[in-house]
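Following: one structure in structure tokens, then a few remarks.
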Amino acid sequence: MAREFTRVGVVGLGTMGAGIVEVFARNGVDVVAVEISEPALARGRATLARSTDRAVARGKLAEADRDALHSRVDFQVGLDALHTVDLVVEAVPEHLDLKRRIFAELDRVCRPDTILATNTSSLSVTDVAVATNRPQQVVGLHFFNPAPVMKLVEVVRTVITAAEVVDDVEALCARLGKVAVTIGDRAGFIANALLFGYLNHAVSLFEARYVTREDLDAAMRLGCRLPMGPLALLDLIGLDTAYEILNTMYRRGGRDRRHAPAPLLRQMVTAGLLGRKSGRGFYTYDKPGSSKVVPDEWTPAATPADADGAREVTRVGVIGAGTLATGLVGLFGRAGYQVVSVTGGAEESIGIGGAVRDSLDEEVRRGGLDGADRDAALARITWAATLDQLADVDLVVEAVTGGPGVEQTLFASLDEICKPGVLLATTCSSLPVIEVAMATGRPADVFGLHFVDPAAAVPLVEVVRTVRTSAEATATARAVCAALGRTAVVCGDRAGFVVDALLFPYLNDAVRMLEAGYATADGIDHAMTLGCGYPTGPFALLDAIGLDVALAAQRALYRESREPGLAPAPLLEHLVTAGYLGRGTGRGFRDHTGR
Ligand SMILES: NC(=O)c1ccc[n+]([C@@H]2O[C@H](COP(=O)([O-])OP(=O)(O)OC[C@H]3O[C@@H](n4cnc5c(N)ncnc54)[C@H](O)[C@@H]3O)[C@@H](O)[C@H]2O)c1
Numbered sequence: 000m001a002r003e004f005t006r007v008g009v010v011g012l013g014t015m016g017a018g019i020v021e022v023f024a025r026n027g028v029d030v031v032a033v034e035i036s037e038p039a040l041a042r043g044r045a046t047l048a049r050s051t052d053r054a055v056a057r058g059k060l061a062e063a064d065r066d067a068l069h070s071r072v073d074f075q076v077g078l079d080a081l082h083t084v085d086l087v088v089e090a091v092p093e094h095l096d097l098k099r100r101i102f103a104e105l106d107r108v109c110r111p112d113t114i115l116a117t118n119t120s121s122l123s124v125t126d127v128a129v130a131t132n133r134p135q136q137v138v139g140l141h142f143f144n145p146a147p148v149m150k151l152v153e154v155v156r157t158v159i160t161a162a163e164v165v166d167d168v169e170a171l172c173a174r175l176g177k178v179a180v181t182i183g184d185r186a187g188f189i190a191n192a193l194l195f196g197y198l199n200h201a202v203s204l205f206e207a208r209y210v211t212r213e214d215l216d217a218a219m220r221l222g223c224r225l226p227m228g229p230l231a232l233l234d235l236i237g238l239d240t241a242y243e244i245l246n247t248m249y250r251r252g253g254r255d256r257r258h259a260p261a262p263l264l265r266q267m268v269t270a271g272l273l274g275r276k277s278g279r280g281f282y283t284y285d286k287p288g289s290s291k292v293v294p295d296e297w298t299p300a301a302t303p304a305d306a307d308g309a310r311e312v313t314r315v316g317v318i319g320a321g322t323l324a325t326g327l328v329g330l331f332g333r334a335g336y337q338v339v340s341v342t343g344g345a346e347e348s349i350g351i352g353g354a355v356r357d358s359l360d361e362e363v364r365r366g367g368l369d370g371a372d373r374d375a376a377l378a379r380i381t382w383a384a385t386l387d388q389l390a391d392v393d394l395v396v397e398a399v400t401g402g403p404g405v406e407q408t409l410f411a412s413l414d415e416i417c418k419p420g421v422l423l424a425t426t427c428s429s430l431p432v433i434e435v436a437m438a439t440g441r442p443a444d445v446f447g448l449h450f451v452d453p454a455a456a457v458p459l460v461e462v463v464r465t466v467r468t469s470a471e472a473t474a475t476a477r478a479v480c481a482a483l484g485r486t487a488v489v490c491g492d493r494a495g496f497v498v499d500a501l502l503f504p505y506l507n508d509a510v511r512m513l514e515a516g517y518a519t520a521d522g523i524d525h526a527m528t529l530g531c532g533y534p535t536g537p538f539a540l541l542d543a544i545g546l547d548v549a550l551a552a553q554r555a556l557y558r559e560s561r562e563p564g565l566a567p568a569p570l571l572e573h574l575v576t577a578g579y580l581g582r583g584t585g586r587g588f589r590d591h592t593g594r
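First residue of the sequence shown? That's 0 in numbering that gives the first Met the number 0, and the numbers climb one at a time after it.
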């Protein structure tokens, strides 16, 4: 029989503590909620009230239940009030000395059978436990932000924790409607170990002015269907908390440079820009604690694209006969452009023509397009097998697949054929756009257009600006993407652009974690979906993308950065060598043959 917890304590009512109080009180558990001072207590009480009022307004909580929830919470200043509770969850700032002091004090104040839990994200639970005389009764209970919403709790068991204590807190998590994943005491546990390298990398891309904050966040929301972009998420987490977590992970996790906090984070914390809780972080909020973003000096002006000098584009050439080219020909045709499709020969032109027609027919069947619009789109497309048909288009998009040097040769030919002022775009993601641009005598007119796979479904296009791309060319690319109904994000010319540069190292880290035997593929997938709200876990995603694709992307990132932490995980290499490439081959990290 699992132990019954009827009265619990929560220490620290900040971003996490207030949410944890809500989780307990919503589930019928009495809570003693403790802060360090009266003003901090008032803030904690206000946070809880805001959250429950919001739940009532959204119809997720009845008014009577809200009142009952509040009646279960006893707000107190100081730890002495905790002498009656069965369990304490500590959620004070991420400093080891502070947590050790608090645990020593809790040990003195609480009944001998009380279980003591820390919500630390990165500190050693063992180090905290040994500050008490009951280390066997100390665990990590790592809730996720926002605690009332996120389903996951990481239960951290140290080498000293008693087995029945782990059983009891696991049963408690189930009673709270949470999914517990029990793991050993390692820096960052599962989710943060995978999340924080990614968040820190995102900050450094922003800090290097590689991409704007809005574009960075949009790239990850639209490109990976994440619930929030990384900078908005850091504002929610709290920049001071994020800084401390990174710092500890760097020290505890083998001094991986990717965890050394980006200098900008430290500067923002010093300046008091802590994120939502202080009203300003990467974004500005209408007041401290609010989630409502208000415009500030970094907010991009909503000027029409032609104010930036965008050129007029009415005729577009698309080169290639593969899946991407097929999608692009249809997309441009539907958006009202005159399209010249150029392939390697008449047979390919017949093939792509049929495929474009089929996909438009399919759209008509699904009700996304009417028959007349389909016919008009098809009438705007001409099919050609030689590049000289591109002499008077305004924009050329290359989507060929081929060996090394193919893009350069093609762009050198386009340079001879196309009229002056034509914009030349490459969709290639395997080599720097500047290498393609320099094959022409007009590198200012060349940019990358990276359609995130699958191009038809993902509403995002990365516009890659090289060191030679002109402002007009970039503005034109943005305007064309908008006309296609796609969101453009503009970024520099580095391996992986934005999405792949942030996505693949995270996937590679997940493989390393699996390889190290710290958690199972299911445990890791659960941690990211239930703890961070990701639409799929890393292993499900790797199997869908293809392990060979992931390996090639990771190799390119490693080659460019020489960052040891980006070296492909040996397990990924081995699976690819073995032909286990994911869903496409029936087996990757999981076996898909029987599904
Ligand atoms: N922010 C997140 O997204 C997140 C997610 C999971 C876990 N965590 C972890 O939760 C813990 C708290 O982080 P947070 O973001 O809620 O911090 P926070 O700064 O928002 O809140 C900390 C609270 O602790 C209070 N406090 C400080 N000293 C105290 C004391 N001696 N006694 C009682 N209260 C005291 C502060 O007044 C403050 O209200 C950290 O260990 C953090 O790593 C944070």
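From the three backbone atoms N, C-alpha and C, an ideal C-beta is built for every residue, glycine too.
Look at Ile236: its beta carbon is less than 6 Å from one of the heavy atoms in ligand 1. Inclusion of Val435 and Glu406 in the CB contact set at 7 Å is warranted, their separation being smaller than that value. Counting along the chain, Arg589 sits inside no alpha helix (DSSP H), nor does DSSP assign it H or E at all.
Using a Cβ distance threshold of 7 Å, Pro229 and Tyr242 do not count as a contacting pair.
The residue among Ala494, His449, Leu122 with its C-alpha nearest the C-alpha of Ala476 is His449. For the pair Val84 and Gly8, the CB atoms are nearer than the 7 Å cut-off. Using a cutoff of 6 Å, the CB of Pro92 counts as near ligand 1, since one of the ligand's heavy atoms is closer than that.
Using a Cβ-Cβ distance cut-off of 8 Å, the segment 370-388 and the segment 423-430 are not in contact, since fewer than three pairs of beta carbons, one from each stretch, lie closer than that value. C-alpha of Ile159 to C-alpha of Pro458: approximately 50 Å in a straight line. When secondary structure is reduced to three states using DSSP, Cys490 falls in the strand class. Taking 8 Å as the upper bound for CB-CB distance, Val88 and Ile101 are not in contact here, some 12 Å apart. For Met512, the closest alpha carbon among the candidates Val460, Pro569, Pro147 is that of Pro569.
For Asp29, the three-state secondary structure derived from DSSP is strand. At least one heavy atom of ligand 1 sits closer than 6 Å to the Cβ of Ile35. Listed as beta-bridge partners of Gln75 by DSSP are Val33.
The C-beta separation of Glu104 from Val76 comes to about 14 Å, leaving the pair out of contact by the 8 Å criterion. At least one heavy atom of ligand 1 sits closer than 6 Å to the Cβ of Ser120. Inclusion of Val30 and Val22 in the CB contact set at 7 Å is not warranted, their separation being larger than that value. In this structure, Ala39 has its CB closer than 6 Å to one or more heavy atoms of ligand 1. Cα atoms of Pro419 and Gln388: separation of roughly 15 Å, rounded to the nearest angstrom. Gly274 has its Cβ no nearer than 6 Å to any heavy atom of ligand 1. C-alpha of Thr486 to C-alpha of Val460: approximately 6 Å in a straight line. Around the beta carbon of Thr592, a 10 Å sphere encloses fewer than 16 other beta carbons of the protein chains shown; the residue is thus reported as exposed. Judged by DSSP in its simplified three-state form, Phe496 adopts coil rather than helix or strand. Per DSSP, Phe4 lies in no beta strand (DSSP E) and is assigned neither H nor E. With a contact defined as Cβ atoms closer than 8 Å, Phe588 and Asp542 qualify at about 6 Å. At least one heavy atom of ligand 1 sits closer than 6 Å to the Cβ of Asn144. Of the other Cβ atoms in all chains shown, 16 or more fall within 10 Å of the Cβ of Val127; this residue is therefore buried.
For Arg314, the enclosing beta strand (DSSP E) begins and ends at 314-318. Between Thr385 and Val341, the alpha-carbon positions lie close to 6 Å from each other. Every beta strand (DSSP E) of 3 residues or more that sits fully in the segment 436-493 is shown, in chain order, as 445-450, 459-463, 486-490. Linking Gly58 to Lys150 through their CA atoms gives a straight-line distance of about 19 Å. Contact annotation, Leu327 with Ala398: C-beta distance approximately 6 Å; criterion of less than 8 Å satisfied. Selection Asp73, Glu559, Asp295, Ala161 evaluated against Ala116 yields Ala161 as nearest (Cα-Cα).
In this structure, Met15 has its beta carbon less than 6 Å from a heavy atom of ligand 1.
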